[in-house]
Amino acid sequence: MKTLDIDIISDIVCPWCYLGQRRLALALESLAPDIDARIRWRPFQLEPDAPPEGFDTFDYLARKIGGPDRVRQSHEMLTRLGAEIGLPFALDKATTFPNTLDAHRLLHWAGEAGEDMQDKVAKALFTANFVEGRNVGDRAVLAGIAQACGMDGGDVARRLATDADRDRIRDDIAQARQMGVSGVPFFVIDGKYAISGAQGADVFANALRQIAGMKADPA
Numbered sequence: 564m565k566t567l568d569i570d571i572i573s574d575i576v577c578p579w580c581y582l583g584q585r586r587l588a589l590a591l592e593s594l595a596p597d598i599d600a601r602i603r604w605r606p607f608q609l610e611p612d613a614p615p616e617g618f619d620t621f622d623y624l625a626r627k628i629g630g631p632d633r634v635r636q637s638h639e640m641l642t643r644l645g646a647e648i649g650l651p652f653a654l655d656k657a658t659t660f661p662n663t664l665d666a667h668r669l670l671h672w673a674g675e676a677g678e679d680m681q682d683k684v685a686k687a688l689f690t691a692n693f694v695e696g697r698n699v700g701d702r703a704v705l706a707g708i709a710q711a712c713g714m715d716g717g718d719v720a721r722r723l724a725t726d727a728d729r730d731r732i733r734d735d736i737a738q739a740r741q742m743g744v745s746g747v748p749f750f751v752i753d754g755k756y757a758i759s760g761a762q763g764a765d766v767f768a769n770a771l772r773q774i775a776g777m778k779a780d781p782a
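The letter at position 202 of the sequence shown is residue 765 when you use my numbering, and the numbering goes up by one with no holes.
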């Protein structure tokens, strides 16, 4: 077995990041047991200047992509693409487009507990936002998600009430931008190969197979 290190640069409020995560997971399933991966989630903010209370999602998207009809068309397309790979998007429920700095702080702390916990929390955040319509900018919601995933929700709530790791997250985002990342999802494999966008599972699988083929066999 060959193991790849994959950094996923994403934002929790990006539906394409949710799709990309799932398509990558399907690709890795198809490559098992020959190829495995260590996943690390890294932060990015589509709207770093969003206020703490966030924006109305529909109004924000209408301004961003060209009006209400474009938003409805986008929702229909994303819902169809999600259904194809088992993601039950309920985009009309996601009424708040939040500032995601706190969500990224939670993901960072989850990563301190290990890659499995971080991956679990990332998926829970996507589900909360895009399926359940919960506000992932709300600190009580974030603490509840942490608790449900097996973290200490009380400790997370206390840390969220402080400035802990705010600058670190901002520095990580700045580093991603310095690397040339301007949109997400963005995938970095073994620190040197990049895949941009929510590619299809077959595209991911082919790329990962090629990269793994260039690695030396484990001793």
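Virtual Cβ for every residue (Gly too), placed ideally from N, Cα, C. Just so you know, these numbers come straight off a predicted model, no measurement behind them.
Residue i versus residue j - alpha carbon distance
i: S573; j: S745; result: 11 Å
i: K656; j: T642; result: 13 Å
i: A720; j: R702; result: 7 Å
i: F749; j: D718; result: 31 Å
i: A775; j: A724; result: 42 Å
i: I736; j: A727; result: 16 Å
i: D632; j: E592; result: 37 Å
i: V766; j: Q681; result: 25 Å
i: D734; j: Q741; result: 10 Å
i: F689; j: L650; result: 10 Å
i: R729; j: I758; result: 27 Å
i: G743; j: Q762; result: 18 Å
i: N769; j: V704; result: 38 Å
i: R626; j: R668; result: 28 Å
i: L609; j: P615; result: 14 Å
Member of the options whose CA lies at the smallest distance from the CA of residue i
i: M777; options: I598, C577 and R729; result: I598
i: E675; options: Y623, D734 and W604; result: W604
i: K565; options: D612, A595 and G713; result: A595
i: G760; options: I575, D570 and C580; result: C580
i: P611; options: V576, K683 and Q741; result: V576
i: D622; options: A685, P615 and G630; result: G630
i: R722; options: Q738, F618 and L670; result: L670
i: K617; options: T663, V747 and A757; result: Residue identity differs from the one stated: residue 617 is Gly in this sequence, not Lys. The candidate whose alpha carbon is nearest that of G617 is T663.
i: T620; options: N698, R731, V747 and R729; result: N698
i: A714; options: W672, A757, D730 and Q762; result: One detail in the question is off: residue 714 reads as Met in this sequence, not Ala. It is W672 whose Cα lies nearest to the Cα of M714.
Which of helix, strand or coil DSSP assigns to residue i
i: K683; result: helix
i: F749; result: strand
i: T563; result: It is not possible to answer for residue 563, since the shown part of the chain is limited to 564 through 782.
i: L567; result: strand
i: R635; result: helix
i: I697; result: Note on identity: in this sequence residue 697 is Arg, with Ile being the wrong assignment. Coil, per DSSP.
i: F621; result: helix
i: A757; result: strand
i: I602; result: strand
i: I648; result: coil
i: I575; result: coil
i: T725; result: coil
i: M777; result: coil
i: L582; result: helix
For residue j and residue i, believed in contact at Cβ under 8 Å, the rounded distance
i: G700; j: A666; result: 7 Å
i: P661; j: A691; result: Rounded, the Cβ-Cβ distance is 11 Å, inconsistent with contact.
i: A739; j: F607; result: 6 Å
Beta-carbon proximity list for residue i, same chain, < 6 Å, skipping 5 on both sides
i: F783; result: Not covered by the structure: residue 783. The range shown for the chain is 564 to 782.
i: Q710; result: G716
i: L624; result: V634
i: D570; result: R603, R605 and V751
i: C712; result: K683, V684 and A687
Contacts around residue i, its chain only, beta-carbon distance under 7 Å, and the 5 residues preceding and following it disregarded
i: L567; result: I598, A600, I752, D753, L771, I774 and A775
i: I628; result: V634 and S637
i: G696; result: A653, K656, A657 and T658
Same chain, Cβ closer than 8 Å to residue i, five either side skipped, listed in chain order
i: A648; result: The sequence given here has Ile at residue 648, not Ala. Taken in chain order, the residues that qualify are L582, R585, R586, L589 and A764.
i: R731; result: H671
i: R678; result: In the sequence as presented, Arg is not what sits at residue 678; that position holds Glu. Correct list, in chain order: R601, I602 and R603.
i: A706; result: G716, G717, V719, A720 and L723
Residue i Cβ short of 8 Å to the ligand ZN heavy atom set
i: I572; result: Because no ligand of any kind appears in the structure shown, any question about the ligand ZN cannot be addressed here.
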